[in-house]
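**Q** The structure is given below, and queries will be raised subsequently.
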Amino acid sequence: MVTSERITGWIEPGADDWVYVPIDVPPGAREIEVAYTYDRPAVPPGVRGNSLDIGIFGPDDEFRGWSGGARDRFAINASEATPGYLPGPVWPGRWQVVLGPYTVSPQGISYELDITIHSGPDGESFRPRPAPARIPGRGHAWYRGDGHLHTIHSDGQRTLPELVADARQAGLDFVVSTEHNTSSAHLRWGHHATDDLLILNGEEVTTRTGHWPAWHLPAGKWIDWRHRADNPDDLRRFVDEVRGAGGLVVAAHPFSPCVGCSWEFGMERVDLVEVWNGPWTLDDEATVIAWDSLLRAGRWVPAVGNSDSHSRADRVGLPHNVVWSRGLSGDQLMAGFAQGRNWIAESAEVRLDFTATTGIRTVGIGQRLETDDPVTFEVRVEGAPDTHIRMLDQTGPQWGGYVHKDGGTASWTTRSRYSRWVRVEVRRNEPTQTTVDTMVALTNPIFLG
């Protein structure tokens with residue numbers, strides 16, 4: 000038996016972040032289908048039009064899926080579900096379609112929901128197949144990985160196997176699956192896993208006051224995104240949930256100009272900050288400046304960089320992280336990131352070595368050298384011809400060098416009384432549409448004292 004219902008409604012300007020539409024599902028339901036439309040009236044320049052997201056919760060506020068604005072319909076049954084949604088029994092009781100008015104025109108949003116419920120016996124139960132938790136690595140080594148990626152399970156264009164292929168082509172050792180507000184991809188990565196690419200589970204928790212990728216979640220773990228920066232207790236609770244599961248919290252693209260993308264939560268509770276997101280742009284420059292200001296003030300949040308790839312034209316691994324780890328497992332990689340033992344590269348062709356030495360003691364990125372003696376900082380860069388090395392401390396740029404086609408080096412000696420830390424940038428004198436040059440590599444600091 001099939002039953003259908005059409006629900007209409009209107010959302011006024013200034014509405015709450017989430018609008019819930021109740022759906023009563025009878026016993027014996029096998030599948031629920033939801034389709035929606037909404038009006039998109041013309042608006043004058045400088046006025047935002049309508050954009051309406053969608054997802055669904057089952058009885059008792061059980062999360063069952065989210066597609067944002069990427070789809071206009073979805074279906075759920077015990078055997079399968081639309082990407083972004085979780086297969087499983089269609090329990091009887093009150094479900095809630097959740098609408099997210101991302102932007103609302105002055106006219107408001109008029110919407111229609113078409114609900115179709117199919118009754119009958121369930122099909123074969125869905126069998127989750129997550130990716131392996133570890134793969135063979137190279138022991139203690141630098142590992143390359145992209146921690147911000149999207150597929151058809153949220154608003155990306157790539158399928159799961161396409162993302163795996165592109166990550167391997169980019170020379171990566173690991174990726175973190177970070178779909179917007181859903182864990183659905185976690186349960187399917189095992190079908191596409193290889194023995195040379197570790198796939199970690201994550202979620203880009205997409206709030207209206209900033210986005211924060213949660214890294215290294217247990218397969219199927221979902222983090223609630225229904226919170227705002229004006230209630231810091233909510234963020235604290237969810238951050239504790241991520242850390243309790245062994246993961247880390249990343250402040251994504253803090254100065255991104257898209258609606259709801261800029262970071263309003265502050266840096267007190269995050270583990271990492273994404274200072275470089277996709278091809279180098281003005282908002283990345285702004286983030287590095289803000290991150291550097293925190294460093295100067297004595298507050299270090301380790302920096303990461305990721306592609307945030309959505310479309311097939313977005314290059315996976317531009318940029319990516321190069322993190323020192325004891326091996327290729329989520330726990331080992333998270334330890335390296337938490338310690339700041341990471342630098343960011345434009346591509347796998349870029350190779351960088353950065354150390355600080357006094358006497359017989361040498362330390363690297365993210366480490367501290369406690370000494371009052373002179374300390375020599377040395378950086379070697381390869382695979383980035385016609386670029387410039389910059390060494391910076393808390394007072395600004397201090398030394399540099401040129402990278403030829405066969406590589407380049409720079410060496411500078413200072414003391415802890417002068418420099419609290421030193422970090423490295425490698426830039427190409429190539430303007431983008433919004434910046435005067437292009438970042439090629441960026442390191443976390445080495446600390447003195």
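Read in numbering that gives the first Met the number 0, the sequence shown has 266 at position 267, and its numbers run on one by one without any break.
Each residue gets a CB set at the ideal place from its N, CA and C atoms; glycine is no exception.
Can you tell which of Thr205, Val175, Pro160, Val24 has the C-alpha that lies nearest to the C-alpha of His190?
**A** Out of Thr205, Val175, Pro160, Val24, Pro160 has the C-alpha closest to the C-alpha of His190.
**Q** Measure the alpha-carbon distance for Glu30 versus Asp59 and round it to whole angstroms.
**A** Answer to the nearest angstrom: the Cα atoms are 18 Å apart.
**Q** Between the alpha carbons of Asn276 and Pro318, how many angstroms are there, rounded?
**A** So the two alpha carbons sit approximately 7 Å from each other.
**Q** Please name the residue in Gln168, Pro21, Pro278 whose C-alpha comes closest to that of Gln95.
**A** Nearest option by C-alpha distance: Pro21.
**Q** Given Gly45, which residues of its chain have a CB within under 8 Å of its CB, disregarding the five upstream and five downstream residues?
**A** Excluding residues within five positions, none has a Cβ falling inside 8 Å.
**Q** If you compare alpha carbons, which of Ser182, Ala184, Thr193 is closest to Ala166?
**A** Closest by alpha carbon: Thr193.
**Q** On the DSSP bridge list, what partners appear for Ala69?
**A** DSSP, once it has assigned bridges, lists no residue as partnering Ala69.
**Q** Provide the residue span of the beta strand (DSSP E) that contains Trp211, from first to last.
**A** First-last of the beta strand (DSSP E) with Trp211: 209-214.
**Q** Can you tell me whether DSSP reads Ser50 as helix, strand or coil?
**A** Of the three classes helix, strand and coil, the one that applies to Ser50 here is strand, per DSSP.
**Q** Anyone know if the C-beta pair for Gly326 and Gly144 falls short of 8 Å?
**A** The answer is no: Cβ separation not under 8 Å.
**Q** Which partner residues of Met512 appear in the DSSP bridge assignment?
**A** Residue numbering for the chain in the displayed model covers 0 to 448; residue 512 lies beyond these limits and cannot be assessed.
**Q** Leu199 and Trp214: beta carbons closer than 8 Å?
**A** Taking 8 Å as the Cβ cut-off, Leu199 and Trp214 qualify as a contacting pair.
**Q** So does the segment 264-284 actually touch the segment 426-442, counting three or more Cβ pairs closer than 8 Å?
**A** Yes: at least three Cβ pairs fall under 8 Å.
**Q** Buried or exposed: Gly339, going by 16 or more other Cβ atoms within 10 Å of its Cβ?
**A** Per the 10 Å Cβ criterion, buried.
**Q** Over the uninterrupted beta strand (DSSP E) stretch that includes Ser508, give me the two end residues.
**A** Any answer about residue 508 is impossible in this case: the structure gives the chain only from 0 up to 448.
**Q** By the three-class DSSP mapping on this structure, what secondary structure does Ala289 have?
**A** It is helical.
**Q** Closer than 6 Å by C-beta to Gly8: which residues in its own chain qualify, once you throw out the five before and the five after it? Chain order, please.
**A** Closer than 6 Å at the Cβ level, and outside the excluded window around Gly8, lie Tyr110.
**Q** Only counting the same chain, and skipping five residues up and downstream in sequence, which positions put a Cβ closer than 7 Å to that of Asp15?
**A** Hits under 7 Å: none found.
**Q** Keeping to the same chain, check which residues put their C-beta closer than 7 Å to that of Gln397; ignore five residues upstream and five downstream.
**A** Here the set comprises Met390, Leu391, Trp411.
**Q** Below 8 Å on the Cβ atoms is my guess for Leu162 versus Gly316; work out the distance and round it to an integer in Å.
**A** Not really, about 11 Å apart at Cβ, beyond 8 Å.
**Q** Taking His139 as the reference, give the member of Arg426, Arg419, Ser328 with the closest Cα.
**A** Comparing Cα-Cα distances from His139 to each of Arg426, Arg419, Ser328, the minimum goes to Ser328.
**Q** To the nearest angstrom, how far is it from the Cα of Tyr101 to the Cα of Leu51?
**A** Those two C-alpha atoms are separated by around 6 Å.
**Q** Is there contact between the segment 329-337 and the segment 287-296, where contact requires at least three CB pairs shorter than 8 Å?
**A** Too few Cβ pairs lie closer than 8 Å, so no.
**Q** Less than 8 Å separating the beta-carbons of Thr2 and Ile75?
**A** For Thr2 and Ile75, no; Cβs fall outside 8 Å.
**Q** Apart from the five residues just before and just after Ile222, which ones in its own chain have a Cβ nearer than 8 Å to its Cβ?
**A** Excluding positions up to five away in sequence, the list reads Glu202, Val204, Ala213, Leu216, Phe237, Glu240, Val241.
**Q** Sort Arg133, Ala69, Ser182 by Cα distance to Gly155 and report the nearest one.
**A** That would be Ala69, whose Cα lies nearest to the Cα of Gly155.
**Q** Kindly indicate which three-state DSSP category Val163 falls into: helix, strand or coil?
**A** Three-state result, Val163: helix.
**Q** In whole angstroms, what separates the C-alpha of Leu85 from that of Leu148?
**A** So the two alpha carbons sit approximately 19 Å from each other.
**Q** Considering only residues of the same chain and omitting the five flanking positions on each side of Val89, which have a CB-CB separation below 7 Å?
**A** Once the five neighbours on either side are set aside, the close Cβ partners of Val89 are Val24, Ala28, Arg29, Glu30, Ile31, Ile75, Asn76.
**Q** Please report the residue range of the alpha helix (DSSP H) in which Phe455 lies.
**A** Nothing can be reported for residue 455, as the shown portion of the chain is limited to 0 through 448.
**Q** Secondary structure at His190, three-state DSSP: helix, strand or coil?
**A** DSSP places His190 in helix when its eight states are reduced to three.
**Q** Identify every residue that forms a DSSP beta bridge with Ala14.
**A** BP columns for Ala14 are empty, so no partner.
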